[in-house]
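Here's the structure, in structure tokens; my notes come after.
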Amino acid sequence: MSKPSLRLQLTKLVLYHILLWQLGRWPQSKFHCRADVARLPVDEVSALRAIVRDLEFKQQPIIRDEMCFDEVSAYGFKYNCDCNNTANLCRISEIAINNIDLTGTIHEGVGYLSNLRRLTLSSNKLHGSIPDTLGNLMHLGTLDLSQNQLSGPIPASLGSLGSLQYLYLQYNLLSGGIPRDFGSLTNLIELYLQFNMLSGSIPEDFGNLSLLTTMDLSENQLSGPLPESLGKLKSLTTFYVSANYLSEKFPNTSYGNLTSLKKFSIAGNYISGPLPVETIAKWTNIYYLVLMGNNFEGRVTEEIFGLQNLQYLYKTSSSFFHFAGSIIYMCLGHFFDVARASKFSGPALLPGEIFSCDINTDDIRVFMQVVENFNFQVINLLTHITHYLYKGTWCTISCDGHTEKSLVLISDLATNHSFPLPQKIVNSANFLSLTLRNCSITGPIPKYIGEEMTSLRYLDLSFNKLTGGLPHYMKSDMIYMSFSGNMLNGPIPRWIFRASQTRMDLSFNNFSAVDSAVPSNLHLNLFACCPNSSTSLPDITHTVLETNQNHSLFINCGGEETTVLGNTYDQDNDTSLFYTSPKKNWAYSLSGDIGVLKSNTSDFIKSTTRGVSITEAPLYEKARLSPVSLKYYAFCLRKGKYNVMLHFHEIIYTDDADYTSLRKRAFDVYIQGNRILNYFDIRDKEGRVGKPITVNHSAEVVHDSDLLEIHLYWPGKGSISYLPNFNGPLISAISVNPEFEISPDKYKPLRIALITIASFIAALLLLLAFAWRMGWLSSKEVPKIKIGQEKIDDELKDKLVTVKELINATENFSDKKKLGRSGTVYKAELQGHVVAVKKLDPAQFNEKIEGLNNEIGTIRSLQHNNILELLDVHIDKDLQLLVYEYMEKQSLADILFGSSTSSTFKLDWNTRVNICLGIAKGLNYLHEHPRVKILHTNIKSANILLNENFEAKISDFGFASLYTKEDKIKVITREVPQGYMAPEYFQTNVLTSKADVYSFGVVVLEIVSGKRNILSKSSEETQVLLDRAYQALAGGNLKSLVDKSLSKYDEKEALVIMKLAVYCTTLGPSVRPTMSEVVSVLIREKTLDEVFPPAKLTGDGNVAGSTSSGKTSAASTSSNDHGKVFLD
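In mature numbering (1 follows the signal peptide of the UniProt record, and there is no 0), the protein residues as written are -24 to -1, 1 to 1104.
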């Protein structure tokens, strides 16, 4: 036998024995012992099934009592168990479901997993509220619900979690106050609540959290003072509360005890008093300190420059503008090359996050590069082992041997005295950034800035009173450098023109004129840098001083040239740091930096991601942004007073999905040097609808051919800590009009020419109107309306048609196209799409166009499966059209009570139950929307539409606020006889969501019975379905109301639904359930007894109808009688 054959035989023999050995093990380990496996109890299995169902997995994990034995992690559902093999019993101890885009809600059943020690559901898209039942988990040590879309208040019950050590609720839409009961969490180590909508004050009881090391409450709406009691937290190492509305004086005395502090930020608030220098001096471990953008007073003293660890100074302050003050100080690591990042892979990161997990020293560079790709260019690497908890995982970075760098920021101090920079700064060679902006600093620039700060990357000395020249050279490789707004003079050094990798700003100084061409590859602002140069203000205006004097100006900031309301707005879409218009009648200059390693001036023009339904919409499609300062100049204006109108629209901080809607933009506006707006917040002024706003101000030009200056400046308020820094001034358009009469003699030829042109245009418009009526014009000349979407090149795009095409599709609103037996909704079929077009009554709405636009903006923002989608609108004074998705089965009333088109449809029992549930979910969405609470006020069968799958869609809501008293009387006159209206319509002017609950109950009775609420009318009495329901409930015979055409149905379910409907129609609004409670009953999460305990249904609350036979009930009598009295 050859040698290869022998090897083959031996290999087979070995494999054969291994196979026999494994087969011998399997029966024992996998099958023989299965009967003795420790199992989960039934209640935990039931709870887990409810939890995974409501989380809405794309593929539902299988939940069994043997889960702990199988140890399977399916579809991203990870868990751990504690098992007692002796007792054959297991308990769920940990659940981790992170970063898999779950879109559901958190079921209250999680509160029944009594042995749970760790729950992490972070980085999903969960909505709804946090269940109160979480307060039952007495063993819970870690709760991480961060980075979701959770709304509503934080349950006070969480304050009873005595074992809780780590609580992460950041990046959600939570509102209300921070529960005071959190002061009882005495084992808490880390608390993260940043990026929510929490309001109220910081609880004094937080001073009891003696083990707390980290607290982050930044980017909320907290107000009041910093609690003195926090001075007792001697274990606290990190405290962030930036970008809130905190005020009053800094608690110097007690906060001096926080000697463990390493990172401290209260930036972007309204805290006052002197700079807490003495307190800060006691924080010997501090390496990250931010007081920026507050209302501190005083001046920067040598004590601040002499802080023991101070190596990175960023200071911006002002005595000129009298703004607030701030300090930042942090430990920083090295920069790494972003372009070479290739080894890292992981979940998407959000601004402000630190991600690190089990990386070795060689991988630190890769980690840093990836973070920089997400716009972090300064990351702190400590010189010892640093631990982080990221998305439920403990992580470690080892960076021994790295040189420690530090950061300090001081900004916008209110000081009456100027001061020079110190002659020497400790450890200046280790500074990465030095920013001393707007601080009333005088004197020359010290030599150490150019010669000793060899690590310097960011330098900002703008808006001061510096004199002398620039440094002769810079030893460091600068990323950004600004000397704007000083009194510097002398020649501009040659090294400036060789610094092609540095972003530089030398504007508004007194340098000597540049004697050679400036290289085109420089990122350099030279606006008004040098007297007698081509960019100085006198030179810009020189060519038009003698011949032209302007009396108006229109600028579309960030956008293209456009004509709005007869005025032509100049284009302003240049991406330069400074720009002069081709007509030389205006210019702009911007200062500041967005703080990222690689920046482009195109970052300073922003486009909207959502439409604006107003006449001036072209002005709000784009906007110009500046990180710190934006100045516009109008040149050569005639002497006199002008109305300056500034147009604003928030188009950056708008999205809940990426949490930018939670950020704050606050800036000041000066016109002719006078501050007209202080801490101006666009989104706050726009309100919930997000409608663009304008600000008008009267300004005077003192001399002919003088300048008009408009200056927008960011004083450090609001959001500051997340890069890129897009929280500076933002403006959409500027219009300047004279408040004086233009001289008729001087401008007579011009007036004649304008009259001639106007006459020609008027004739042309008449001709165009006639041509449009005749259909001679192409569709491009008419407004477009969206009727759906279509797939083009594998991409969904909006399908648009003209208003004329839409009207033609309704056959000019012919009765043949009318949907339903009444109303003004028409079917339109065109180009393969079918839509429903609602024509509003011009007599009712033509004087309420602005209010109508506001309500439509709200309606278009609503997205829910059970809310009828508004596709588009056309609104002008004479024609108002709403375009909705088309519902194939028309209305519930048509199906239930018969019509020519729907009489063939019959609803089985399951379909009726699903319709009830759909209506309930839609109403709950309207009532509980986190941004806007909406009352329908007109729920009835005719307003419930059904699609081809018989899914319910709520329609005809959102316009009740526009009704006049006469309109409301007409509505009541029309609707009262149908019996859907709650009694409080006639008793009070204040309605609540419980009025919709009443109407919902009536509709449910109609769905179950197949009969109208008003059964018959006579001259003597009216028979009402609701009366029969109360009589049947009292007689224990609700089954008699079920539609006789149903061949089979769930009798028990029918009784529950009919009882629920009756309870919804109780006279007392406070006794009726909420729609969320209704939903919980319909999906069998709660029983009727849980929602309506016997004690609740006593007294006058349950007197909704009479049980006497042969008489009209209290409900119907009350409703109809009140209606008659009101109308009389």
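Ideal placement from N, C-alpha and C gives every residue a C-beta, glycine not left out.
In terms of residues, what are the limits of the beta strand (DSSP E) holding residue i?
i      : result
ASN271 : 271 to 273
TRP562 : 562 to 567
ASN543 : 543 to 548
ILE68  : 65 to 72
GLU861 : 856 to 861
Quick check: residue i and residue j, are their CB atoms within less than 8 Å of each other?
i      : j      : result
ASN172 : LEU143 : no
SER460 : PHE473 : no
SER528 : PRO714 : yes
LEU847 : GLU861 : yes
VAL859 : LYS916 : no
PRO203 : GLU180 : yes
ARG433 : ILE455 : yes
PRO818 : ASP854 : yes
PHE643 : TYR596 : no
GLY534 : ARG600 : yes
GLY649 : GLU685 : yes
GLY183 : LYS208 : yes
MET463 : THR478 : no
ALA219 : LYS667 : no
LYS793 : THR800 : no
Leaving aside the five residues before and after residue i along the sequence, list all residues of the same chain whose C-beta is less than 6 Å from its C-beta, in chain order.
i       : result
SER177  : GLY200
ILE850  : Per the sequence presented here, residue 850 reads as His, with Ile not at that position. Once the five neighbours on either side are set aside, the close Cβ partners of HIS850 are ILE761, VAL779, LEU857.
VAL810  : TYR862
THR1074 : The predicted model places THR1074 with a pLDDT of 47, which falls under 50 and marks its position as unreliable; any figure quoted below should be read in that light. Closer than 6 Å at Cβ, skipping near neighbours: no residue.
ASN703  : ARG641, GLY694, SER695
GLU329  : Reliability fails at GLU329, whose pLDDT of 35 lies under 50, so the model's placement of it is uncertain and no value is given.
Mind checking residue i: buried by the 16 CB within 10 Å criterion, or exposed?
i      : result
LEU237 : buried
THR732 : exposed
GLU626 : buried
ASN561 : buried
SER969 : buried
GLU771 : exposed
ALA63  : exposed
LYS559 : exposed
HIS912 : buried
THR96  : buried
PRO252 : buried
SER567 : buried
ILE355 : Model confidence at ILE355 stands at a pLDDT of 28, short of 50, so the residue's coordinates are unreliable and nothing is read from them.
PHE343 : Note that PHE343 has pLDDT 30, beneath the 50 cutoff, so the model's placement of it is unreliable and the number below is only indicative. It counts as buried.
TYR629 : buried
ILE39  : buried
SER186 : exposed
Which residues in the same chain have their Cβ closer than 8 Å to the Cβ of residue i, if we skip the five residues on either side of it in sequence?
i      : result
LEU397 : LEU412, ILE417, GLY419, ILE421, PRO422
VAL494 : PHE473, LEU500, LEU502
What residue range does the alpha helix (DSSP H) around residue i cover?
i       : result
GLU662  : 658 to 662
VAL810  : From DSSP, VAL810 is part of no alpha helix (DSSP H) but of the beta strand (DSSP E) over 809 to 815.
SER1052 : 1051 to 1058
MET1034 : 1027 to 1040
LEU1002 : 1001 to 1010
ALA489  : It is not in any alpha helix (DSSP H) - ALA489 carries neither H nor E in the DSSP assignment.
Quick one: residues in its chain with C-beta nearer than 7 Å to the C-beta of residue i, no 5 flanking neighbours on either side, listed in chain order?
i      : result
THR81  : ASP30, LEU102, HIS103, GLY104
LYS897 : ASN842, VAL1055
PHE873 : ARG988
Is the segment 501 to 508 touching the segment 548 to 562, taking contact as three or more C-beta pairs under 8 Å?
-> yes
At least 3 beta-carbon pairs within less than 8 Å: the segment 600 to 607 vs the segment 651 to 663 = no
Does the segment 589 to 603 touch the segment 468 to 487, meaning 3 or more C-beta pairs lie closer than 8 Å?
-> no
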